[in-house]
Amino acid sequence: MCGFMPGAPLTTSDGFHIGSVCAIDSAARHFGPREKAILTELAHVAMNELELRRLAATDALTGVSSRRAFKDEAGKFVALARRHRSALSCITFDLDHFKSVNDTYGHAAGDQVLAAVSELVTGQLRRTDLFGRLGGEEFAVLLPHTDQHRAYEAAEKLRLAIRTLKIPGSHPPIAVSASLGVASLDPVGDDIDSLLQKADEALYAAKRAGRNRSAMWQPAGTAVQAERRRVLKAGRIVFMNRHAVTECTVRSLWENGAELALSSTLDIPDAFQLQIRSDGAEWACEVAGRTEQRLIVSFV
0 MCGFMPGAPL TTSDGFHIGS VCAIDSAARH FGPREKAILT ELAHVAMNEL ELRRLAATDA
60 LTGVSSRRAF KDEAGKFVAL ARRHRSALSC ITFDLDHFKS VNDTYGHAAG DQVLAAVSEL
120 VTGQLRRTDL FGRLGGEEFA VLLPHTDQHR AYEAAEKLRL AIRTLKIPGS HPPIAVSASL
180 GVASLDPVGD DIDSLLQKAD EALYAAKRAG RNRSAMWQPA GTAVQAERRR VLKAGRIVFM
240 NRHAVTECTV RSLWENGAEL ALSSTLDIPD AFQLQIRSDG AEWACEVAGR TEQRLIVSFV
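Residue numbering for the sequence shown follows numbering that gives the first Met the number 0, beginning at 0 and increasing consecutively.
Structure below.
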């Protein structure tokens with residue numbers, strides 16, 4: 000039986016006590032000012048670590064899950080759905096022509112739009128759903144126990160809510176629309192990366208169809224997939240007024256877009272020039288879909 004258990008509280012920055020750091024022994028011991036100071040310092044270190052982890056899991060601008068936290072948590076949902084053969088769907092969406100919002104109203108207004116959309120979407124979701132910001136103006140929603148058709152209904156509900164949102168601060172208020180892609184988990188072949196990729200492909204299909212709409216992922220062999228021409232050519236992404244260049248592989252081309260593979264998309268802007276030097280070809284591009292090592296672009 001424990002005969003000695005002094006403790007120091009774990010207190011959040013807003014004054015809530017969430018636990019304590021304790022020293023435990025079966026025998027009674029002297030616990031003076033020096034030992035109390037050490038225990039208090041350990042509590043501060045532990046609380047700082049907890050706060051840092053919380054901040055890393057939260058997108059600072061929108062308050063929703065960060066990309067890493069979303070993928071980590073979503074991976075657990077995928078594992079459970081595969082184990083129990085339960086339905087699981089994913090929606091990815093981004094805001095149409097968001098660059099024009101920043102260009103017209105400024106980046107502070109763009110941040111306000113992202114925060115307002117995030118708050119709106121959070122209010123539309125169930126407590127069991129998972130919502131995260133993947134980067135820029137792209138977001139993802141994971142819907143447990145939801146098949147593709149119900150997920151499409153949810154996507155349309157979100158789309159209509161975003162379309163009617165008015166962000167104050169300008170005259171007239173800023174209005175935006177969103178394109179959404181919907182995909183459901185294949186419990187045999189999908190992990191979180193492949194599920195997000197399928198939803199991203201559906202998102203791109205929504206953009207190609209005119210934006211401000213939702214699209215469900217279609218398996219290979221559909222008309223959307225058949226239009227692609229596999230090329231595997233070396234390409235260059237040129238941006239920052241042609242002062243920055245990133246090498247890429249052009250995996251597929253079609254009439255008004257391309258699929259690009261690169262080591263990381265983290266620093267690639269939403270608009271750039273794509274060059275295929277062997278063909279003497281160059282296009283102005285806008286990012287329509289993004290994963291960590293893959294871009295879907297439309298030619299503008």
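Even for Gly, the Cβ is constructed at its ideal location relative to N, Cα and C.
Contact set for R162: own chain, Cβ-Cβ below 6 Å, skip 5 residues either direction
Counting from one through the sequence shown, the residue named residue 162 turns up at place 163. The beta carbon of R162 sits closer than 6 Å to those of S176, all from its chain and outside the five residues before and after it, given in chain order.
Please return the same chain residues whose Cβ sits closer than 7 Å to the Cβ of H144, not counting the five positions on each side in sequence.
The count along the sequence shown starts at 1 and reaches residue 144 at position 145. Closer than 7 Å at the Cβ level, and outside the excluded window around H144, lie S85, A86.
Taking only the alpha-carbon atoms, compute the straight-line gap between F138 and L9 and give it to the nearest angstrom.
Residue mapping note: residue 138 aligns to position 139 of the sequence shown, counting from 1. Residue mapping note: residue 9 aligns to position 10 of the sequence shown, counting from 1. If you take the alpha carbons of F138 and L9, they lie about 33 Å apart.
Taking all protein chains shown into account, do 16 or more other C-beta atoms lie within 10 angstroms of the C-beta of G18, making it buried, or fewer, making it exposed?
Your numbering for residue 18 matches position 19 in the sequence shown. So G18 ends up on the exposed side.
Tell me the residue span of the beta strand (DSSP E) that contains L272.
The sequence position of residue 272 within the sequence shown is 273, counting from 1. Residue identity check: residue 272 is Gln in the sequence provided, not Leu. Start and end: 270–275.
Among T103, F298, L142, A280, nearest to G74 - alpha-carbon criterion:
Stepping through the sequence shown from its first residue, residue 74 is reached at position 75. The shortest Cα separation from G74 among T103, F298, L142, A280 belongs to L142.
Touching by the beta-carbon criterion (3+ pairs, under 8 Å), the segment 178–189 and the segment 198–207
Cβ pair count under 8 Å is three or more, so yes.
Residues near Q292 by beta carbon distance below 8 Å, same chain, minus five either side:
Locating residue 292 in the sequence shown gives position 293, counting from the first residue. Within the same chain, Q292 has close Cβ partners A260, L261, S262, S263, T264.
Inter-stretch contact at 8 Å, needing at least 3 Cβ pairs: the segment 62–72 / the segment 149–166
Between the segment 62–72 and the segment 149–166 there are fewer than three C-beta pairs closer than 8 Å, too few to call the two in contact.
Between which two residues does the alpha helix (DSSP H) harbouring A22 extend?
As a working mapping, residue 22 is identified with position 23 in the sequence shown. Unbroken run through A22: none, as it is neither H nor E.
Determine, using beta-carbon pairs with one atom in the segment 267–280 and one in the segment 230–240, whether at least three such pairs fall under 8 Å.
Judged by pairs of C-beta atoms under 8 Å, the segment 267–280 touches the segment 230–240, as three or more such pairs exist.
Report yes if the C-beta of I295 is less than 7 Å from at least one heavy atom of the ligand HEM; otherwise report no.
By its list of ligands, the structure shown contains no ligand whatsoever, and the ligand HEM lies outside what it can speak to.
Considering just the uninterrupted stretch of the alpha helix (DSSP H) at I236, what are its terminal residues?
The residue given as residue 236 occupies position 237 in the sequence shown. It is not in any alpha helix (DSSP H) - I236 instead sits in the beta strand (DSSP E) that spans 228–238.
Residue burial classification, T61 (beta-carbon count within 10 angstroms, cutoff 16)
For the purposes of this step, residue 61 is taken as the residue at position 62 of the sequence shown. With 16 or more Cβ atoms within 10 Å of its Cβ, T61 is classed as buried.
Answer yes if the segment 90–102 comes into contact with the segment 243–255, meaning at least three C-beta pairs across the two stretches below 8 Å, and no otherwise.
Judged by pairs of C-beta atoms under 8 Å, the segment 243–255 does not touch the segment 90–102, as fewer than three such pairs exist.
Note down the Cα distance separating V300 from G135, rounded to an integer number of angstroms.
Outside the displayed span of the chain (0 to 299) sits residue 300, for which this structure offers no information.
Are I90 and A160 close, meaning C-beta to C-beta below 8 Å?
Counted from its first residue, the sequence shown places residue 90 at position 91. Counted from its first residue, the sequence shown places residue 160 at position 161. Contact: no.
According to DSSP, is G209 helix, strand or coil?
For the purposes of this step, residue 209 is identified with residue 210 of the sequence shown, where counting begins at 1. The answer is coil: DSSP assigns G209 none of H, G, I, E or B.
When DSSP labels each residue in this structure, what does G31 get in the three-state scheme?
For the purposes of this step, residue 31 is identified with residue 32 of the sequence shown, where counting begins at 1. Secondary structure at G31: coil, using DSSP grouped into helix, strand and coil.
What is the DSSP secondary structure of V286, reduced to helix, strand or coil?
Mapped onto the sequence shown, residue 286 falls at position 287. Strand at V286.
Please report the Cβ distance between F92 and L157, rounded to the nearest whole angstrom; I am assuming they are in contact, meaning their Cβ atoms lie under 8 Å.
Counted from its first residue, the sequence shown places residue 92 at position 93. Counted from its first residue, the sequence shown places residue 157 at position 158. In this structure F92 is in contact with L157, their Cβ atoms being roughly 7 Å apart against a cut-off of 8 Å.
Distance, C284 Cα to V299 Cα:
In the sequence shown, the residue the question calls residue 299 occupies position 300. In the sequence shown, the residue the question calls residue 284 occupies position 285. Distance between the alpha carbons of V299 and C284 is about 6 Å.
DSSP state of H242, grouped into three classes?
Translated into the one-based positions of the sequence shown, residue 242 becomes position 243. H242: coil per DSSP, three-state reduction.
Give a yes or no on whether the C-beta atoms belonging to R81 and P186 are separated by under 8 Å.
Indexing the sequence shown from 1 puts residue 81 at position 82. Indexing the sequence shown from 1 puts residue 186 at position 187. For R81 and P186, yes; Cβs fall inside 8 Å.
With a threshold of 16 other CB atoms inside 10 Å of the CB of A214, please say whether the residue is buried or exposed.
Residue numbering aside, residue 214 sits at position 215 when the sequence shown is read from its first letter. It is buried - the Cβ of A214 has at least 16 other Cβ atoms within 10 Å.
What first and last residue would you give for the beta strand (DSSP E) that runs through R132?
Position 133 of the sequence shown holds residue 132. Looking at the DSSP string, the run of the beta strand (DSSP E) that includes R132 is 129–134.
Residues of its chain near V63, where Cβ-Cβ distance is below 7 Å and the 5 sequence neighbours each way are ignored:
By one-based count along the sequence shown, residue 63 stands at place 64. The answer, listed in chain order, is S117, T121, F130, G131, R132.
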